[in-house]
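Worksheet: the structure to be examined is printed underneath.
Residue numbers (full-length UniProt numbering): 1 to 270.
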């Protein structure tokens, strides 16, 4: 007897629950499922996670903004420093609302998985940082120069993003299962799953047919309502807007290994 082939929904669920399965492969199956279900929302979300958010077409999800130290490399007449962390007050005032301790991570999942596997700290550079360095050099005392500014991001932060994406995949499948989908979801069921899990929308009644779920009376459509309980709310992050729009999402990798300031008493404005 031939073994039945697991449905795409089953494969996505198994892959998302397997912490060792490449997320890029699971997301590609989401793209395929979105195509079969005629769900633009599912296809688009999976493609964004695969391709990254660097094109600025949509806002960066909140889970792709991570804590990071703003660091600088420079020198004065006595010494050179690398990886000197700047406080908010050491950043020129006009840039403080943009150059903060949160860095955007717009890269595709395959690249994130490679970065997470590295033990090196990731260096990211906002497009405005080179101009900021030029300004700071114009204001620096004699003998002091600044070479580069960047965010230093720990690999654990990249792991955190991947974990949220994996959890989102599990939650998407769970939302579709909760309304009775066994194999191929309707466009309505798939779209609602994305809106609930990714966008934090409220659930609404969904009508499914017997091709999508098993029911007590074959051939009869069912209306299955999945509604939140009185204490249940969506815990998935909302979308945010970067203070410099697309420029924030266009941060680039500038180095692989972070330096540590050798002279901890060195001040970039001292």
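From the three backbone atoms N, C-alpha and C, an ideal C-beta is built for every residue, glycine too.
When Cβ pairs closer than 8 Å are counted between the two stretches, the stretch 148-164 is seen to touch the stretch 63-70, the count reaching three or more. For residue 93, no beta strand (DSSP E) segment is defined, and its DSSP state is neither H nor E. Residue 53 is not bridged by DSSP to any residue. Classified as buried, residue 52 has 16 or more neighbouring CB atoms from the shown chains inside 10 Å of its CB. Of the candidates 161, 190, 79, the residue whose Cα lies closest to the Cα of residue 63 is 161. About 6 Å separates the beta carbons of residue 12 and residue 169, which is inside the 8 Å limit, making them a contact pair. Nearest to residue 102 by C-alpha distance, out of 84, 116, 112, 123, is 123. Residue 159 carries a helical assignment under DSSP once its states are collapsed to helix, strand and coil.
Taken through DSSP and simplified to helix, strand or coil, residue 32 comes out as helix. A direct Cα-Cα distance of roughly 52 Å separates residue 140 from residue 18. Sequence-distant partners of residue 143 (beyond 5 residues in either direction) whose C-beta falls short of 8 Å from its own C-beta, in its chain, are 76, 77.
By DSSP's assignment, residue 148 forms a beta bridge with 73.
DSSP places residue 6 outside both helix and strand once states are collapsed to three, so it counts as coil.
Bounds of the beta strand (DSSP E) holding residue 103 are 102-104. Within 10 angstroms of the beta-carbon of residue 48 lie 16 or more other beta-carbons, which makes it buried.
Rounded to whole angstroms, residue 7 and residue 59 show a C-alpha spacing of 32 Å.
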